[in-house]
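*Asks:*
Protein chains in written order, with this note's numbering: chain A, 1136 to 1491; chain B, 1136 to 1491.
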């Protein structure tokens, strides 16, 4: 459990992704019902459109998102990586092209803190440098050093702009790619600042599962146990078990929402492609174990009809289902941790999913 | 009020359109909360995909739509008109190209009754011939004669296939274009059959408002007052007042849902285009009078951000709002009729809408 100006969050927890101020295809009211307690939005995308000043004038990000619970904003560091072909990084900051209109955008650690202050996020993320290739040692070392320098600038700016006083938390981000020693160094440099939480970045960027485990194992246990340890951009049910076992307790990923829109569903028996002809006359629900609005009322056959017809309702229902699947998984993990039977739950959940 | 196997409907009532078995972008649960009691689906579209046999195997149209209330299915007569370039009409039926895959589809009065029997609609519509040009007298006369012959065949088939015994209602459709005498003749031929309800078709097909009034005035008062009189494909708030004053009490139209998806909102002060720059920093709700999920929690500025960003939530919220606007309007009309002050309500509602 950690606390924010908009309430507490029991961990481990999954944060649905609302990049542009909306979790795609889901009403905020329904998001809360699915079990979401904290959501993520993206400072970079909101800076481009509609702009943090517009959001501030509209009452801040909570008003714009129609969300009364905690909000974490990502700083844009990951976008510099994912939109790498549009970005140039130097020691001062990053220059990149807007994905909205192609205009030049300049981001610095100070600017990114200012954007997140204006948005009014409960948790602001430091501006980090996520290296293009997590297994290029020289590139990772340079990005890690830059991330350290930028964190110091973010912390100073955040204090200067009244961040701490307002209750807004600033989380530092650990880089270091797939290298254990660089991960440890990056943790140490993050811990030079007494922050409300710490994140592990630069994972789920192309490395394999074993490399991700190495990176997480090198970093997570060194981070303070009493503060949130947020593994960024992860992931799948198996990833959650791997990461929680190593001490992580906060996650975000576009998977449940993006897969919902492309008609892939997570179920207790593995993933299902709803466009498949085999479901055409199938009267059974997507997942007999699930209590989401899709499983309560619709058959696989109906979902297939909605998906193959390109009806909005297909994407909406599968998004609701996938998010419910993720939140229910995390609920069960919290219960299992309390009862000290996380490994047993891992087997119970992952074995039927991999059997198909 | 009229009754169906899935419950009663207080009239006048508006039916949201769920062409392919879903009111676009709306969960059935939310549809009921907005005030919808009866919904429309389209037999022609559902015949093409997924097919009435598949729907029957999935438990029928109510199961597929996740809708426990009454459902009316349109027969496809209007699609023969709207997809006229793909259709050939003869006395036996219609041959047209599928909008799904271009395959040849043959529809006859008998086939259309069979499709609607298999779907399990509460109200099936007779197969009619909606003429291409409502002011071409020769064309309208021929289509009206054909509609009469087809109705007799629909009634016979419906009886033969146990329609009446099952509780499924069959509504006849009145044609006659903009010609008062042809409208009267068409009413008389429909009344040759003692049906559960009657519809006025061939309106809102390109004629002007005065011509629509003429057509409705010629037909509606001749239809039995104790049975539903359904004005097909209409319309706007002004149309509802015009039609209810002339005796109509059942309506459907794609306007609220389609306008929602194109970011047009109905409000008590007239229609609003949410993409307009003027709303960028507007903190006020879309309509201060409205209790829908969009107006309860979102500002015009936020809605504009969602719409200009192409986010699903923009279309979803505006669809919910427009449907709530329509259902609330009909609720108020029912109240005003009970208190004999419909004309007063007409002024109260339409004057502020036209002032802008």
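Cβ coordinates follow ideal geometry from the N, Cα and C atoms, glycine included.
1) Rank A/1186, A/1445 and A/1250 by C-alpha distance to the C-alpha of residue 1305 of chain A and give the top, closest one.
2) Kindly indicate which three-state DSSP category residue 1239 of chain B falls into: helix, strand or coil?
3) Which residues in the same chain have their Cβ closer than 7 angstroms to the Cβ of residue 1341 of chain B, if we skip the five residues on either side of it in sequence?
4) So, residue 1309 of chain B versus residue 1336 of chain B, is the Cβ gap smaller than 8 angstroms?
5) Could you check the C-alpha separation between residue 1229 of chain A and residue 1242 of chain A for me, to the nearest Å?
6) Is the beta carbon of residue 1442 of chain A closer than 8 angstroms to that of residue 1449 of chain A?
7) Excluding sequence positions up to five away, which residues of its chain have a Cβ less than 8 angstroms from the Cβ of residue 1141 of chain A?
8) Between residue 1471 of chain B and the rest of its own chain, which residues show a CB-CB distance below 8 angstroms, the 5 nearest in sequence each way excluded?
9) Only counting the same chain, and skipping five residues up and downstream in sequence, which positions put a Cβ closer than 7 angstroms to that of residue 1193 of chain B?
10) Please indicate yes or no: does the CB of residue 1346 of chain B lie closer than 7 angstroms to some heavy atom of the ligand ADP?
11) Can you give me the Cβ contacts of residue 1496 of chain B inside the same chain, cut-off strictly under 8 angstroms, excluding the 5 residues immediately before and after it?
12) Can you check DSSP and say which residues form a bridge with residue 1177 of chain B?
13) Can you confirm whether residue 1199 of chain A, when its beta carbon is compared against all beta carbons of chain B, has any partner nearer than 8 angstroms?
14) Can you name, in chain order, every residue of its own chain whose Cβ lies under 7 angstroms from the Cβ of residue 1417 of chain B, other than the five neighbours on each side?
15) DSSP state of residue 1223 of chain B, grouped into three classes?
16) Keeping to the same chain, check which residues put their C-beta closer than 6 angstroms to that of residue 1357 of chain B; ignore five residues upstream and five downstream.
17) Which of the three DSSP states is assigned to residue 1229 of chain A in this structure?
18) Is it buried or exposed, residue 1344 of chain A, if we count other Cβ atoms within 10 angstroms and call 16 or more buried?
19) Can you check whether the C-beta of residue 1391 of chain A is within less than 8 angstroms of a C-beta belonging to chain B?
20) Cα-Cα, which of A/1324, A/1316 and A/1297 is closest to residue 1284 of chain A?
21) List the residues of chain B that residue 1416 of chain A touches, going by C-beta distances under 8 angstroms, in chain order.
22) Determine whether the beta carbon atoms of residue 1489 of chain B and residue 1456 of chain B lie at a separation below 8 angstroms.
23) Check the Cβ of residue 1441 of chain B against every Cβ in chain A and list those closer than 7 angstroms, keeping chain order.
24) Determine, using beta carbons only, whether residue 1464 of chain A and residue 1375 of chain A come nearer to each other than 8 angstroms.
25) Is residue 1350 of chain B closer than 8 angstroms to residue 1311 of chain B when the C-beta atoms are compared?
26) Could you list the residues in the stretch 1465-1478 of chain B with a C-beta less than 7 angstroms from some C-beta on chain A, going in chain order?
27) Is it buried or exposed, residue 1483 of chain B, if we count other Cβ atoms within 10 angstroms and call 16 or more buried?
28) Just the Cα atoms here: how many angstroms apart are residue 1158 of chain A and residue 1444 of chain B?
29) Where does residue 1376 of chain B fall in DSSP's three states?
30) Considering residue 1457 of chain A, what are the terminal residues of the alpha helix (DSSP H) in which it resides?
31) Identify whether residue 1249 of chain B lies in helix, strand or coil by the three-state DSSP scheme.
32) At a CB distance below 9 angstroms, what residues from the stretch 1206-1236 of chain B approach chain A? Give them in sequence order.
33) Just list the residues that DSSP pairs residue 1260 of chain A with in beta bridges.
34) Is residue 1150 of chain A near residue 1175 of chain A, with beta carbons less than 8 angstroms apart?
35) Residue 1319 of chain B lies in the beta strand (DSSP E); which residues open and close that run?
36) Which whole-angstrom value is the C-beta distance of residue 1452 of chain A and residue 1428 of chain A, which I expect to be below 8 angstroms?
*Replies:* Taking the structure as given:
1) Against the first chain, residue 1305 of chain A aligns to sequence position 170. Nearest of A/1186, A/1445 and A/1250 to residue 1305 of chain A, Cα basis: A/1250.
2) As a first step, residue 1239 of chain B is located in the second chain; it is residue number 104 there, counting from the start. Strand, per DSSP.
3) The residue given as residue 1341 of chain B occupies position 206 in the second chain. Here the set comprises 1269.
4) Indexing the second chain from 1 puts residue 1309 of chain B at position 174. Indexing the second chain from 1 puts residue 1336 of chain B at position 201. Yes; because the gap between Cβ atoms is below 8 angstroms, this pair is in contact.
5) The residue labelled residue 1229 of chain A in the question sits at position 94 within the first chain. The residue labelled residue 1242 of chain A in the question sits at position 107 within the first chain. Approximately 5 angstroms between the Cα atoms of the pair.
6) As a first step, residue 1449 of chain A is located in the first chain; it is residue number 314 there, counting from the start. As a first step, residue 1442 of chain A is located in the first chain; it is residue number 307 there, counting from the start. The answer is yes: Cβ separation under 8 angstroms.
7) Here residue 1141 of chain A corresponds to residue number 6 of the first chain, with the count starting at 1. Contacts found: 1197, 1203, 1204, 1205, 1206 and 1257.
8) Here the question's residue 1471 of chain B lines up with position 336 in the second chain. For residue 1471 of chain B, where only same-chain residues beyond five positions count, the Cβ hits under 8 angstroms are 1477, 1479 and 1480.
9) Reading the second chain from its first residue, position 58 is the one you call residue 1193 of chain B. 1199.
10) In terms of ligand content, the structure shown is empty, and the ligand ADP therefore cannot be addressed.
11) Outside the displayed span of chain B (1136 to 1491) sits residue 1496 of chain B, for which this structure offers no information.
12) Counting from 1 along the second chain, the entry for residue 1177 of chain B is found at position 42. Residue 1177 of chain B pairs with B/1209.
13) Indexing the first chain from 1 puts residue 1199 of chain A at position 64. Output row for residue 1199 of chain A: interface = yes.
14) Walking along the second chain from the start, residue 1417 of chain B turns up at place 282. Within the same chain, residue 1417 of chain B has close Cβ partners 1434, 1435 and 1436.
15) For the purposes of this step, residue 1223 of chain B is taken as residue 88 along the second chain, with counting starting at 1. Strand, per DSSP.
16) Mapped onto the second chain, residue 1357 of chain B falls at position 222. Here residue 1357 of chain B has 1322 as same chain residues with Cβ atoms under 6 angstroms from its own Cβ, once five neighbours each way along the sequence are excluded.
17) Residue 1229 of chain A sits at position 94 when you count from the first residue of the first chain. In this structure, residue 1229 of chain A counts as strand in the three-state DSSP scheme.
18) Here residue 1344 of chain A corresponds to residue number 209 of the first chain, with the count starting at 1. Residue 1344 of chain A is exposed by the Cβ-count criterion.
19) Counted from its first residue, the first chain places residue 1391 of chain A at position 256. Not one chain B Cβ lies under 8 angstroms of residue 1391 of chain A.
20) Counting from 1 along the first chain, the entry for residue 1284 of chain A is found at position 149. Comparing Cα positions, the closest option is A/1324.
21) Reading the first chain from its first residue, position 281 is the one you call residue 1416 of chain A. Under the 8 angstroms cutoff, chain B gives 1189, 1192 and 1193.
22) Along the second chain, one-based indexing puts residue 1489 of chain B at 354. Along the second chain, one-based indexing puts residue 1456 of chain B at 321. Cβ distance not < 8 angstroms, so residue 1489 of chain B and residue 1456 of chain B don't count as in contact.
23) Along the second chain, one-based indexing puts residue 1441 of chain B at 306. Ordered by position in chain A, the residues that pass the 7 angstroms Cβ test against residue 1441 of chain B are 1157.
24) The residue given as residue 1464 of chain A occupies position 329 in the first chain. The residue given as residue 1375 of chain A occupies position 240 in the first chain. The answer is yes: Cβ separation under 8 angstroms.
25) Indexing the second chain from 1 puts residue 1311 of chain B at position 176. Indexing the second chain from 1 puts residue 1350 of chain B at position 215. It is a contact, given that the beta carbons lie within the stated cut-off.
26) none
27) Position 348 of the second chain, counted from the start, is the residue given in the question as residue 1483 of chain B. Residue 1483 of chain B should be labelled exposed.
28) Position 23 of the first chain, counting from 1, holds the residue named residue 1158 of chain A. Position 309 of the second chain, counting from 1, holds the residue named residue 1444 of chain B. If you take the alpha carbons of residue 1158 of chain A and residue 1444 of chain B, they lie about 13 angstroms apart.
29) For the purposes of this step, residue 1376 of chain B is identified with residue 241 of the second chain, where counting begins at 1. Note: residue 1376 of chain B maps to helix in three-state DSSP.
30) As a first step, residue 1457 of chain A is located in the first chain; it is residue number 322 there, counting from the start. That run of the alpha helix (DSSP H) goes 1447-1473.
31) Within the second chain, the letter at position 114 stands for residue 1249 of chain B. If DSSP states are grouped into helix, strand and coil, residue 1249 of chain B belongs with the helices.
32) 1235
33) Within the first chain, residue 1260 of chain A is the residue found at index 125, counting from 1. Paired residues: A/1306.
34) Here residue 1150 of chain A corresponds to residue number 15 of the first chain, with the count starting at 1. Here residue 1175 of chain A corresponds to residue number 40 of the first chain, with the count starting at 1. For residue 1150 of chain A and residue 1175 of chain A, yes; Cβs fall inside 8 angstroms.
35) Within the second chain, the letter at position 184 stands for residue 1319 of chain B. The continuous stretches of beta strand (DSSP E) do not include residue 1319 of chain B, which lies in the alpha helix (DSSP H) extending over residues 1315-1325.
36) Within the first chain, residue 1452 of chain A is the residue found at index 317, counting from 1. Within the first chain, residue 1428 of chain A is the residue found at index 293, counting from 1. About 7 angstroms separates the two Cβ atoms, so the contact holds.
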